[in-house]
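Structure, as structure tokens:
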Amino acid sequence: MGRFYVTTPIYYVNDAPHVGHAYATVNADAMARWHRLAGDEVFFLTGTDEHGAKVAEAAEEHGVTPQEWADRVVRRFQDAWTVLDISNDDFIRTSEPRHRVTVQELLGRIHDNGYIRLDTYRGLYCVSCEDYYTEDQLVDGKCPVHGRPVVEMEEDNYFFELSKFEDRLLAWYDEHPEAVQPVTKRNEALAFIKGGLKDISITRTSLSWGVPVPWDAGHVFYVWYDALVNYLTGIGYGVDEARWTGWWPHVHHLIGKEILRFHCVWWPAMCMAAGIDPPKEVHVHGWLLVGGQKLSKTLVRDADGPVRLTEIAPQALTEDFGVDATRYHLLRDVPLGSDGEFTYEGMVTRYNADLANNLGNLLARVATVVGSKCGGTGPAPDPGSPLRAAAEEAVAGAVAAWERWAPHEALAHTWSLIGAANAELEANEPWKKDPGPEVDRVLGSALEALRIVALLVTPAMPRTATEIWRRIGLDGSPEERRVPADVAWGGYPGGVPVEKGAPLFPRRKD
RNA sequence: GGCGGCGUAGCUCAGUUGGUCAGAGCACACGGCUCAUAAUCGUGUUGUCGCGGGUUCGAGUCCCGCCGCCGCUACCA
């Protein structure tokens with residue numbers, strides 16, 4: 021039995037939750053659920069990033085304190101994750117006192133170790149934005165947002181001496197080829213490091229909404245260097261030695277490709293500077309892209325232009341398709357690591373094909389025939405069923421895929437068993453035959469296939485798995501079972517009541 | 001500009017180190033079945049593998065050039 025610590029990025033509370041957030045969070049959740057099913061001890065952390073100038077500004081606009089604003093917005097994320105059945109073990113908010121403790125502890129350690137120095141940051145500053153820009157970000161020498169002239173400003177900042185970690189980072193990545201996945205993203209990180217690293221300013225004096233710098237009261241940490249530390253706060257770094265060392269560094273960070281540099285360069289260097297090991301694995305996912313126009317008509321009100329992913333609320337999908345169908349689509353449609361097209365039509369197509377026609381209909385037809393030929397009592401499976409090999413192959417494929425963070429492949433393997441079960445029914449046509457041992461063997465084996473499918477889809481669709489489990493007459497819940505032990509052929513006991521029930525996934529007409 | 005990636009059937013995409021690699025799913029056509037959510041099962045069609053050269057006995061698979069799209073290029077959560 022292993023330990024599995026998985027994190028999502030913490031989401032910035034300046035933004036409402038959207039499908040992109042849901043994509044990352046559902047994937048992390050499925051991985052957490054998979055490892056629980058595999059018998060690992062799991063800690064799954066998500067949360068929100070609440071400091072920084074943008075939150076402070078938004079709060080001011082609404083006439084509330086930054087904390088009040090964060091309190092208000094964070095609920096939208098928490099509600100979204102509740103709706104999506106996200107099984108996080110903790111929810112970290114960077115405005116919490118426990119986070120301040122850990123940030124000050126970690127960065128204090130880095131400071132003590134001599135990797136932080138005071139210097140002057142000079143930059144081009146837009147007064148309206150209250151932010152700095154680089155030369156090439158300017159448009160005609162003016163602020164790209166406000167079109168106003170920028171002024172040369174300087175600010176005393178503490179700098180993290182990232183430049184000292186170039187060689188150490190390269191050596192570390194050399195020794196840990198699995199540290200960033202997929203490899204294309206690893207190469208991007210390496211290329212960036214090889215391009216030369218500059219020291220980075222990690223504090224601000226221009227705002228107060230942040231974690232105070234312990235050794236200099238006039239400064240707060242710049243949001244990123246506060247945010248990254250959440251991964252340590254969640255496990256009690258600086259507070260509970262036994263606890264955090266039990267989870268670190270065997271952590272799996274799931275991140276979007278846009279924040280690769282922070283997680284694959286800044287963060288490992290910070291860990292090194294503090295004297296702890298860098299995170300074991302960073303898994304980088306791509307983006308869902310929205311090109312289709314129909315999405316706007318169906319899911320977004322009053323949209324008259326191309327729809328952006330950030331305009332689609334997770335709840336718009338769960339209300340339309342259901343929670344599990346939404347989770348399934350996010351996991352099944354796009355390989356983790358690459359970008360993928362997200363369309364309403366694609367979602368409907370996959371819903372009908374995979375969920376309604378294949379899985380839902382399989383359960384329905386089996387339950388009906390068990391009702392008419394077996395008096396509603398599910399028979400035991402046939403040890404010699406041709407489905408057995410299909411099941412073993414599906415299990416092996418799915419297990420391997422989950423292990424290497426490939427949910428879409430794991431689900432494809434699982435569906436191969438559903439297909440085999442449908443084909444096996446066609447081959448035997450139990451509905452044409454008189455009740456008896458032969459019919460029992462065929463239907464028992466179909467039920468056994470459904471039992472195994474229920475277990476294999478548990479990480480993706482926990483509610484559906486539980487419902488299948490219940491309808492085929494099994495006690496408890498699939499989440500209490502263990503894979504691979506309980507997916508061995510022959511686990512269905514037989515002699516238990518099978519319930520038909522309403523369609524699991526009603527076919528959609530649109 | 002530099003670095004990197006992508007361009008394969010109508011659609012979404014797989015294709016290790018070059019030799020059944022021309023594939024899968026969806027869609028489509030035909031046939032079977034009628035237990036099932038007009039579901040399911042079987043068979044089949046579709047492609048100059050972005051363009052042009054080259055290396056090779058043989059190249060989506062390697063090399064060169066070109067066209068198109070995209071990402072990163074440091075303080076942007």
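So this note's numbering is basically just the index in the first sequence, starting at one, shifted up by 20.
Ideal placement from N, C-alpha and C gives every residue a C-beta, glycine not left out.
| query | result |
| --- | --- |
| Residue(s) in a DSSP beta bridge with Phe179 | Arg137 and Ser221 |
| Beta strand (DSSP E) segment containing Leu274, residue limits | Val271 to Gly276 |
| Beta strand (DSSP E) runs wholly inside the stretch 51 to 136, at least 3 long, in chain order | 61 to 69 and 110 to 113 |
| Within 7 Å, strictly: CB atoms of Ala48 and Thr28 | yes |
| Inter-residue spacing [alpha-carbon to alpha-carbon] between Leu65 and Gly391 | 44 Å |
| Whole-angstrom distance between Leu476 and Ala430, CA atom to CA atom | 8 Å |
| Inter-residue Cα distance where the pair is Leu308 and His428 | 14 Å |
| Alpha-carbon to alpha-carbon, Phe180 and Leu57 | 41 Å |
| Entirely enclosed alpha helix (DSSP H) segments - the stretch 203 to 258, minimum 4 residues | 203 to 214, 243 to 247 and 250 to 253 |
| Simplified DSSP state of Val459, which is helix, strand or coil | helix |
| The stretch 201 to 212 / the stretch 221 to 228 touching (three or more Cβ pairs under 8 Å) | no |
| Three-state secondary structure (DSSP) of Pro169 | strand |
| Residues sharing a beta bridge with His303, DSSP | Gln201 and Leu274 |
| Contact set for Trp267: own chain, Cβ-Cβ below 7 Å, skip 5 residues either direction | Arg23, Tyr25, Phe63 and Ile255 |
| Assigned exposure category for Ser465 - 16 Cβ within 10 Å defines buried | buried |
| Cα-Cα separation between Gly276 and Lys74, rounded to whole angstroms | 21 Å |
| C-alpha distance - Val233 paired with Val419, whole-angstrom precision | 46 Å |
| Sequence-distant residues of the same chain with beta carbon closer than 8 Å to Glu499, five excluded per side | Arg53, Arg56, Leu57, Thr478, Pro482, Ala485 and Thr486 |
| Status (buried if at least 16 other CB within 10 Å, exposed otherwise) for Asn133 | exposed |
| Rounded separation between Val302 and Asp60 - CA only | 19 Å |
| Three CB pairs or more closer than 8 Å across the stretch 433 to 445 and the stretch 353 to 369 | no |
| Three-pair Cβ contact test at 8 Å for the stretch 103 to 121 versus the stretch 275 to 292 | no |
| Sheet register partners of Leu308 (DSSP bridge) | Gly360 |
| Host beta strand (DSSP E) of Pro29 (start-end) | Arg23 to Tyr32 |
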